[in-house]
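First up is the structure itself, then whatever we jot down about it.
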Amino acid sequence: MFPTNSIWVVGETRSGKTTRLVQQFCKWVLPGVDSNTQTPINVLALAAIGDTRLELVDRLTTATQGKCPFRATTPLGFFEDEVMLFWSLLIRVLGLKAQFPVRLRPENEQELATRLWKPELDQIVAQTGIRESRLVRRVLDLMQLAALSGVSIADIPTLLEQGLPRLNEQNAELPLSPQIVGDMLQQWRTWCLRRGLLTYSLIAELYWRYLLTDRTYQKHLSQRYQAVLADDVDEFPAIARPLFEFLLANGVGAFSFNPDGAVRLGLGADPAYMQALAERCQQEVLSRPVSALAQSLSTSIVELATDPVFFASLPDSIQTVQTTTQAQLLRQTAELISKAVQSGQIQPREIALIGPGIDAISRYALAGILARRGIPVESLNDQRPLSSSPIVRSLLTLLTLVYPGLGRLVDRDTIAEMLVVLSQRWRGFAIDPVRAGLLADHCFETHPDLPRLLSAHTFSRWDRLGYEAMNAYEDVVKWVEGQRSQREQRLISSPVVLLDRAIQTFFLGGNPLPFDQLAALRELIETAQHYWEVEGRLRQSDLQGDRTSDWQTQRSDMAASLTVSRFIQLLRQGTVTANPFPVKAIGLASNAVTLATVFQYRSSRRAHRWQFWLDAGSSRWLSGVDSLFGAPLFLQNWSGKAWTIDDTQTANEQRLRRILLDLLGRTEERIFLCYSDLAINGQEQTGVLTSLVNAATPVNLEPLTA
-12 MFPTNSIWVV
-2 GETRSGKTTR
8 LVQQFCKWVL
18 PGVDSNTQTP
28 INVLALAAIG
38 DTRLELVDRL
48 TTATQGKCPF
58 RATTPLGFFE
68 DEVMLFWSLL
78 IRVLGLKAQF
88 PVRLRPENEQ
98 ELATRLWKPE
108 LDQIVAQTGI
118 RESRLVRRVL
128 DLMQLAALSG
138 VSIADIPTLL
148 EQGLPRLNEQ
158 NAELPLSPQI
168 VGDMLQQWRT
178 WCLRRGLLTY
188 SLIAELYWRY
198 LLTDRTYQKH
208 LSQRYQAVLA
218 DDVDEFPAIA
228 RPLFEFLLAN
238 GVGAFSFNPD
248 GAVRLGLGAD
258 PAYMQALAER
268 CQQEVLSRPV
278 SALAQSLSTS
288 IVELATDPVF
298 FASLPDSIQT
308 VQTTTQAQLL
318 RQTAELISKA
328 VQSGQIQPRE
338 IALIGPGIDA
348 ISRYALAGIL
358 ARRGIPVESL
368 NDQRPLSSSP
378 IVRSLLTLLT
388 LVYPGLGRLV
398 DRDTIAEMLV
408 VLSQRWRGFA
418 IDPVRAGLLA
428 DHCFETHPDL
438 PRLLSAHTFS
448 RWDRLGYEAM
458 NAYEDVVKWV
468 EGQRSQREQR
478 LISSPVVLLD
488 RAIQTFFLGG
498 NPLPFDQLAA
508 LRELIETAQH
518 YWEVEGRLRQ
528 SDLQGDRTSD
538 WQTQRSDMAA
548 SLTVSRFIQL
558 LRQGTVTANP
568 FPVKAIGLAS
578 NAVTLATVFQ
588 YRSSRRAHRW
598 QFWLDAGSSR
608 WLSGVDSLFG
618 APLFLQNWSG
628 KAWTIDDTQT
638 ANEQRLRRIL
648 LDLLGRTEER
658 IFLCYSDLAI
668 NGQEQTGVLT
678 SLVNAATPVN
688 LEPLTA
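The opening residue of the sequence shown carries number -12 in this note's numbering; numbering runs sequentially from there.
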C-alpha cells in the first residue's frame, strides 16, 4: 500500500527544501527495497532546468545508495519524451501522416519560419525597418508562451487585442496586427505537423491539449508513476499543474516552492498558478538554517533600494568599490580579488562576480586580469556563437572550397585564417599569419561558383614561404581537390561527412585540443547532423508532392549548395552556440571564480562566501529584460485589462525585490557593490542600487582583514 500524504514545502533561498524532498523520497521508496512484500513505487522526479536536474539526481541516488530507480527530467524534457513515445496515438487523434517526428532546434525553427513567412515579413520590414530576425523571434515567442500557459493559438489575437490595445502596424514592438500574428502561427503550426517537425511550442501544446486529456494515455501514465517529486515548482510552466493534479489524484506528490524565486517568470513560468497546488498537500514552512546575510539585512536592503527616502547605514559586510570609469572599476575589482586570494583569506571558488548584464569586453577583461594572477574564472553558461571559434570558421571556409556556388561566402581574409588554423593543429604552426596572407593574396583564385586554392608555385616568390609552409599548404590543396573530386562522383553523402573528415584529418592529430575547442567541434557536428536531418525530411516531403510554398519547389539535387550556403550563413549570424559539457568542472578548474549574470546565477542555485555586484549603478538592476515580449498576458492571474507602463514598473519592482532577497540568501559573509560614476557610454549612472552604494562603507584596498 502506498503512502497517502503529499507535502508542499515552502521556504526561502537555501532553507533546505530540496533536502526535505529527498527525505520524503526515501520514505516512499526505501520500504519497498527493505521489504519483499511491498510493491515498489515508481517516482517521477522533476527539476526546473537541466543543471539542477543533475544535482537532484545525485542527491536522490546518494540518499538511496542507488538502490531505487526513478525517472528524473525537466518539465519540457518530460513533455518531449511523452510526445515522442505516444506519437502513434497523436497520429490517430490528429489524422497526421505516419512518419516519425523530428524535433527542430530553435535556430532551425527561426530559419524555416522566416522562409515560410517571407511575403508578410518583406512587407513589414520595408515599411518599418525592423530587423527580420527580431520580428520572427518575437512571433515565435508568443507561440511558446501560449503553449506553456495552456492557451490555444486561436486565442492569441484576442489576448493581444485586450492586453496591447495599441498593437498595430505602426507599433515598434510588434508591427503586425493581432489577426496577422494568429494567421502566421496557424500557418506555421499546420506546416510543421504535416511534415512531422516539432518545436518546443508544438510539443507543449500537443501534450496538454491532446495527450494529457486522452484516456488511453492517462491509463498508461497512472500505471507508470505512483508518485511525483518536483523541486522549485515556482519555475514550472502552467501546463505542469494539470499533470500534477492528475498524478496526485492517483498517487502522492512532494513539491518545493520558493516565494522569492520565480527566476523564470516571463519565460513561461507561472508561480502564482502553481501555488494553488498547495491546497491539495500538507504544507510545511521551512526557515533558513544556514548562515546568510539575508537573515539580518534583507529588510533594510530591500527598503533602501526600493524607497530612496528610507535611510540606513549598512554594516561592514556590505562594502563598495567606487571608481570614475568602468575600466578602472574592473581593474580594481580584479585587484581586490587577487589580494584576498593571495593572502589566503578566501578561495576562488568562494567568490562570485554577478551583474545584471555582463558584456563580452568585461568578461574578457576580468578573466584576463585574474588569469594573469593565477586565478581561474568560470563563466556560467557562456554560450559564445560557434562562429566565434577559429576552428569552426576554418571548417566553414573548407565547405566553400568543396561545394559549388559558394564563392561569395569566402574572401582573402577567411582563406588566410583557415590556413593558419589548419596548419597549427596539423603541422605545428607551419603557416604563420604572414605566410598565410601571402598565400591568400597570390594563390587564392576568387570565383563566384568555384573558388580555388592554386599551387604554391603560382606565387613567383614561393621560395619565401619555406619548406614546412610549402608542404603544409600543398597538403591542404590536395585534400580540398580530393574532396571536391569525390563530391563530383557522389562519394560524399552529405556535408556532415565532409566536416567529419576535415576534423579527423586536421584537428585530431598531435596534442589534445583544449576543452572549449572540443566543445565547439562537438556542437558543430551535432548542429550539422540535425540541420541535414531536417533537410532530409523536407526533401522527402517534396518527393511525395507536398509543396505549399515557392521556396520548396526549387529543391533538387542542384540545390545542395544552396543548403550549404544557408547553413554557413546561419552559423555566421551567431544563432548557434556551443554548450560545453560536463556541467561540473573537475580538477583545478573547479577552484574558479564564478562570473555570471544575475539570471544565470540565480538559475544555477549557487551560493558563495563573497559576492561582487558588478555595475551597481546600472538601471538594468530594475529594468533589465529577462522576459519575453507579452509574457504577462499569458499568466493565469492576468486581469484581462490592458498592460500599462505602471504595470511594468510594478512588475520591475517586484522582480528587484526577489533578486535582492535571493542574492542575499546566497552569500554568507560579504557583498561588494562595484560602482563607477560613468557607464560604458560615458553617461552618469544613477541606478536603483545607488542608494545602497551611498549607504555602504568604501572598501579598504589594503589587504583585507578576515
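Note that beta-carbon positions come from the ideal geometry of N, C-alpha and C, so glycine has one too. Quantities reported herein were computed from a predicted structural model and do not represent experimental measurements.
Helix, strand or coil for residue i? Go by DSSP, reduced to three states.
{"i": "residue 55", "result": "coil"}
{"i": "residue 731", "result": "What the structure shows of the chain is the stretch from -12 to 693, and residue 731 is not part of that stretch, so it cannot be assessed."}
{"i": "residue 517", "result": "helix"}
{"i": "residue 434", "result": "coil"}
{"i": "residue 658", "result": "strand"}
{"i": "residue 265", "result": "helix"}
{"i": "residue 349", "result": "helix"}
{"i": "residue 160", "result": "coil"}
{"i": "residue 90", "result": "strand"}
{"i": "residue 243", "result": "strand"}
{"i": "residue 756", "result": "This structure does not reach residue 756, given that the chain is present from -12 up to 693, and the question cannot be answered."}
{"i": "residue 698", "result": "Nothing in the structure corresponds to residue 698, since the chain is present only between -12 and 693."}
{"i": "residue 423", "result": "helix"}
{"i": "residue 6", "result": "helix"}
{"i": "residue 464", "result": "helix"}
{"i": "residue 567", "result": "Unreliable placement is indicated for residue 567, whose pLDDT of 49 sits below 50; the coordinate value is still reported in the next sentence. The answer is coil: DSSP assigns residue 567 none of H, G, I, E or B."}
{"i": "residue 506", "result": "helix"}
{"i": "residue 113", "result": "helix"}
{"i": "residue 417", "result": "coil"}
{"i": "residue 256", "result": "strand"}
{"i": "residue 501", "result": "coil"}
{"i": "residue 401", "result": "helix"}
Compare the C-alpha of residue i against each of the options and name the closest.
{"i": "residue 373", "options": "340, 557, 585 and 441", "result": "557"}
{"i": "residue 244", "options": "265, 219 and 224", "result": "219"}
{"i": "residue 223", "options": "259, 196, 173 and 122", "result": "259"}
{"i": "residue 398", "options": "366, 422, 206 and 440", "result": "440"}
{"i": "residue 487", "options": "12, 476, 508 and 499", "result": "508"}
{"i": "residue 462", "options": "99, 484 and 409", "result": "409"}
{"i": "residue 164", "options": "151, 176 and 683", "result": "151"}
{"i": "residue 278", "options": "170, 105, 3 and 431", "result": "3"}
{"i": "residue 94", "options": "687, 194 and 554", "result": "554"}
{"i": "residue 293", "options": "678, 686, 215 and 683", "result": "678"}
{"i": "residue 548", "options": "125, 437 and 238", "result": "437"}
{"i": "residue 168", "options": "72, 465, 160 and 143", "result": "143"}
So that I know if they touch, is there some Cβ in chain B lying closer than 8 Å to that of residue i?
{"i": "residue 9", "result": "Reference to chain B is not applicable here, since this structure consists of a single protein chain."}
From residue i to residue j, what distance separates their C-alpha atoms?
{"i": "residue 585", "j": "residue 593", "result": "11 Å"}
{"i": "residue 591", "j": "residue 35", "result": "10 Å"}
{"i": "residue 228", "j": "residue 646", "result": "25 Å"}
{"i": "residue 727", "j": "residue 230", "result": "No answer is possible for residue 727: it lies beyond the span of the chain, which begins at -12 and ends at 693."}
{"i": "residue 329", "j": "residue 680", "result": "27 Å"}
{"i": "residue 287", "j": "residue 620", "result": "33 Å"}
{"i": "residue 355", "j": "residue 361", "result": "10 Å"}
{"i": "residue 155", "j": "residue 118", "result": "Bear in mind that the predicted position of residue 155 carries a pLDDT of just 45, short of 50, making it too unreliable to give a figure here."}
{"i": "residue 92", "j": "residue 348", "result": "29 Å"}
{"i": "residue 522", "j": "residue 60", "result": "29 Å"}
{"i": "residue 55", "j": "residue 16", "result": "7 Å"}
Going by DSSP, what residues sit across from residue i in a beta bridge?
{"i": "residue 699", "result": "Summary: the structure shown does not reach residue 699, with the chain confined to residues -12 through 693, and so no result is reported for it."}
{"i": "residue 305", "result": "658"}
{"i": "residue 339", "result": "581 and 598"}
{"i": "residue 366", "result": "582"}
{"i": "residue 272", "result": "-3"}
{"i": "residue 459", "result": "Looking at the DSSP assignment, residue 459 forms no beta bridge with any residue, so it has no partner."}
{"i": "residue 214", "result": "30 and 239"}
{"i": "residue 185", "result": "90"}
{"i": "residue 663", "result": "310"}
{"i": "residue 144", "result": "In the DSSP output, where bridge partners are listed per residue, residue 144 has none listed."}
{"i": "residue 685", "result": "307"}
Compare the beta carbon distance of residue i and residue j with 8 Å and say whether it is the shorter of the two.
{"i": "residue 313", "j": "residue 667", "result": "yes"}
{"i": "residue 672", "j": "residue 610", "result": "no"}
{"i": "residue 341", "j": "residue 601", "result": "yes"}
{"i": "residue 404", "j": "residue 597", "result": "no"}
{"i": "residue 147", "j": "residue 88", "result": "no"}
{"i": "residue 306", "j": "residue 663", "result": "no"}
{"i": "residue 339", "j": "residue 659", "result": "no"}
{"i": "residue 651", "j": "residue 249", "result": "no"}
{"i": "residue 669", "j": "residue 149", "result": "no"}
{"i": "residue 489", "j": "residue 382", "result": "yes"}
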